[in-house]
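These notes concern the structure reproduced below.
Structure (structure tokens):
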């Protein structure tokens, strides 16, 4: 901590103009991009208030306060004004974490960390937490939250914060842990998006999902046996239970094609663009000169054509690379692996740590003899369910890879496999059209995939053979990056079911026209057996044509679905989460605290999918 006294008296001043200019730019950037009155925003504002204005800085921003008490008073006055501007009647109920944390000691600690050059560590959070305000309940009764990675899609593009009329920022993850602890929450579900999901689009869709999932009450009888409990429900759950928290996670993803951020990025880095154009021109000369020479041997060219052919090659290559960049697929994939997964892992680590502290404090207050090293009893552990769509499945699998203690195939004890820390256990993993190479389910290719799968209580794969976005766009996007052609062209989310006696006969995947078995002799058979398969190829919302899958109909099916997708009639890639689809209505049943049996899941699918559009193949648990 920073101590009870300031290391340097107020007000602060910068020693030179260069440092002043750099610090002001950095602090201003944080204030502009952070959630107002969150932990790191508040600490940054404290530093601003402590400095005297220099280089024409706004004196209301850099106020040069002379005492710690003045800084505290100013912070609360600014918060009251902010709440008034946002038409928030009770400021303290909207920002309880701020009122609980910000005092003279908080200010002193913050300023000392700045002077000790430890400020970066003091604000070192790679995510922000928000509560969903659409339900209009008190903060402590809220069951829907939002996590947002603080990484931006580009250095040239500013972060987009959630709309304040729907989402209120929490001070930090400790406030979320307090809500979970106070409400004795049993289950936490984290749902993340896929490729091409800009912030505002995800915020709006997640708000609709949350409203639907908590729109009613669940009628579940309390009985001793979990199996009996599932069968004895007077009515299958259509909403999430009261002791369940639903959390959306947005990692930095951007809009394909029509994206002003791409233009800003090019303009700001025009020197690199010129280097790229020069390199492309030189590289295009090689094939163009070879082509010109070969053609000239057969049919002599006129002089004017000697410069046209290299130009055509250059423009063609340039357009191809420009299209690949405009699709932002590789950009999103990089951010998913290097920003999305580590930031989500940090969230779980910090949440688990704070839950442990709260539970240890509760045991001590109840006169139990317990130390911080004691293991939390199983009855007090929270079950974590993960729901990932498309590239979000890649985020979740890599996140589990980050938080795994080790990556061995078979050396974890059964009771340890689901542990995500001292207070969290991994429950169900739901992957909807996951953008994960099928080859990762093969021996020698599956270290971290196996680690993730063996930790899960149940795994549900929602797939569609008619997901043309995953089949074609993923192939193009991964053509230059994956180590093999098969890894670029065959994705787990395109697996579909076929009648057969053996697993390898029932799981098929289509390359372009002809289908082949998804399970190969080199496949890790136990990994394929661990999935619960829901083939949604013909489900409403993701499909617009009733033709059965055959080589003769394959391209016709794809063409019709592409047309309907472009006109917004269906969502071939993300339709699983449209609130009117059977798969979305099935989510509360799959995510209930009691683990449903395969028979119960099949029965619920039949109830929701009256047109029999979903095929279900239950798992065979790993020993």
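Residue numbers (this note's numbering): 209 to 831. Think of the CB as a built atom: it goes at the ideal place given N, C-alpha and C, for glycine as much as any other residue. All values reported here derive from a predicted model rather than from experimental measurement.
Boundaries of the alpha helix (DSSP H) around residue 796: 790-798.
Comparing alpha-carbon positions, the option among 377, 273, 324, 272 lying closest to residue 249 turns out to be 377. Excluding five sequence positions before and after residue 493, the CB atoms of its chain that fall closer than 7 angstroms to its own CB belong to 518, given in chain order. Our two residues, residue 501 and residue 759, have alpha carbons roughly 41 angstroms apart in a direct line. A direct Cα-to-Cα measurement between residue 374 and residue 478 gives close to 38 angstroms. With a 10 Å radius around the Cβ and a threshold of 16 neighbouring Cβ atoms, residue 679 comes out buried. One alpha carbon belongs to residue 610, the other to residue 383, and they sit about 24 angstroms apart. Residue 816 places its beta carbon 7 angstroms or farther from that of residue 795. Residue 273 is not a Cβ neighbour of residue 263, given a cutoff of 7 angstroms. Between the beta-carbon of residue 601 and that of residue 639 there is about 4 angstroms, and that keeps the pair under the 8 angstroms contact cut. Secondary structure note for residue 377: its beta strand (DSSP E) is the uninterrupted segment 375-377.
The beta carbon of residue 556 sits closer than 8 angstroms to those of 592, 607, 611, 628, 629, 632, all from its chain and outside the five residues before and after it, given in chain order. Taking 8 angstroms as the upper bound for CB-CB distance, residue 674 and residue 745 are in contact here, some 5 angstroms apart. Around the C-beta of residue 322, 16 or more other C-beta atoms lie within 10 Å, and the residue is accordingly described as buried. Just measuring C-alpha positions, the residue of 223, 605, 412, 401 sitting nearest residue 553 is 605. In this structure, residue 496 lies near residue 521, with their beta-carbon atoms less than 7 angstroms apart. When DSSP states are grouped into helix, strand and coil, residue 497 belongs to the helix group. Under DSSP, residue 220 takes part in a beta bridge, and its partners are 259. Contact annotation: residue 340 and residue 370 have beta-carbon atoms that are not nearer than 7 angstroms.
Annotation: residue 689 to residue 542 spans about 11 angstroms, alpha carbon to alpha carbon. Shown here, residue 462 sits in coil according to DSSP, grouped into three states, outside any helix or strand.
Only residues of its own chain outside the window of five on either side were considered, and among them 397, 593 have a CB closer than 6 angstroms to the CB of residue 799, listed in chain order. A straight-line Cα-Cα distance of about 12 angstroms links residue 751 and residue 764. The Cβ atoms of residue 381 and residue 558 sit closer than 7 angstroms to each other. Less than 7 angstroms separates the beta-carbon of residue 453 from that of residue 351.
Secondary structure note for residue 288: its alpha helix (DSSP H) is the uninterrupted segment 276-293. When secondary structure is reduced to three states using DSSP, residue 597 falls in the strand class.
Of the candidates 706, 741, 451, the residue whose Cα lies closest to the Cα of residue 802 is 451.
No Cβ-Cβ contact shorter than 7 angstroms links residue 544 with residue 595. If you draw a straight line from the Cα of residue 667 to the Cα of residue 253, it comes to about 45 angstroms. The Cβ atoms of residue 716 and residue 706 lie closer than 7 angstroms to each other. Residue 588 and residue 804 have their C-alpha atoms some 21 angstroms from each other. Burial state of residue 401 is buried, judged by a 10 Å Cβ sphere holding 16 or more other Cβ atoms. In this structure, residue 768 lies near residue 753, with their beta-carbon atoms less than 7 angstroms apart. Counted as a single uninterrupted DSSP element, the alpha helix (DSSP H) harbouring residue 806 occupies residues 806-816.
Residue 748 carries a strand assignment under DSSP once its states are collapsed to helix, strand and coil.
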